[in-house]
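Undergrad: In our numbering, the protein residues as written are 15 to 105. Backbone N, C-alpha and C define an ideal beta-carbon position, used for all residues, glycine too.
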Amino acid sequence: MLERTLRKDRTEVTFVLPADTPPGPVSVVGDFNDWQPGAHTLRRREDGKRAVTVELACERTHSFRYLAAGDYWFNDESAGTQDGPNSRLRT
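1. Which residues does DSSP list as the beta-bridge partners of residue 44?
2. So, for residue 29: in the same chain, excluding its five sequence neighbours on each side, which residues have a beta-carbon less than 6 Å away from its beta-carbon?
3. How about residue 44 and residue 78: do their beta carbons lie closer than 8 Å?
4. Quick check on the burial criterion: 16 or more other C-beta atoms within 10 angstroms. Buried or exposed for residue 93?
5. Going straight from the alpha carbon of residue 102 to that of residue 87, what length do you get?
6. Under the assumption that residue 13 contacts residue 82 (Cβ atoms under 8 Å), give the Cβ distance between them as a whole number of angstroms.
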C-alpha cells in the first residue's frame, strides 16, 4: 500500500506492507535510490505494519519494486500501473 503526503516542493511516499508478509527484512528499491537494496528498508510501525517514507520530487513517474529476504522481488498492487516487471508511481 502507498500513502502519499503532498508538500510544497515534494511528495512524501510511504511504502507500507503487512507485519510479516513476506517474512524477513524488506526494502523498496527503485530509480529514486539507484536500485540499491537496503537503501530504504521498511521498519515496524506502532500499528504492527512495516513502512518506510521516501521524499520524491513532484510531477514525476518512478519505477520501483520490493526486495525481500531470499532474493524475492515483488510489486505493489496499489501502485496502479507497471513498467515491465516494475511497479510505477506518479508523484
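TA: Considering the structure as presented:
1. Walking along the sequence shown from the start, residue 44 turns up at place 30. Paired residues: 78.
2. The residue you call residue 29 lines up with position 15 of the sequence shown. Leaving aside the five residues that flank residue 29 on each side, the residues in its chain whose CB is nearer than 6 Å to its CB run, in chain order, 42, 66.
3. To locate residue 44, count along the sequence shown from 1; it is residue 30. To locate residue 78, count along the sequence shown from 1; it is residue 64. The criterion of a C-beta distance shorter than 8 Å is satisfied by residue 44 and residue 78.
4. The sequence position of residue 93 within the sequence shown is 79, counting from 1. Counting the other Cβ atoms within 10 Å of the Cβ of residue 93 gives 16 or more, which makes it buried.
5. Looking up residue 102 in the sequence shown gives position 88. Looking up residue 87 in the sequence shown gives position 73. The alpha-carbon atoms of residue 102 and residue 87 are separated by roughly 15 Å.
6. Residue 13 is absent from the model: the chain starts at 15 and stops at 105.
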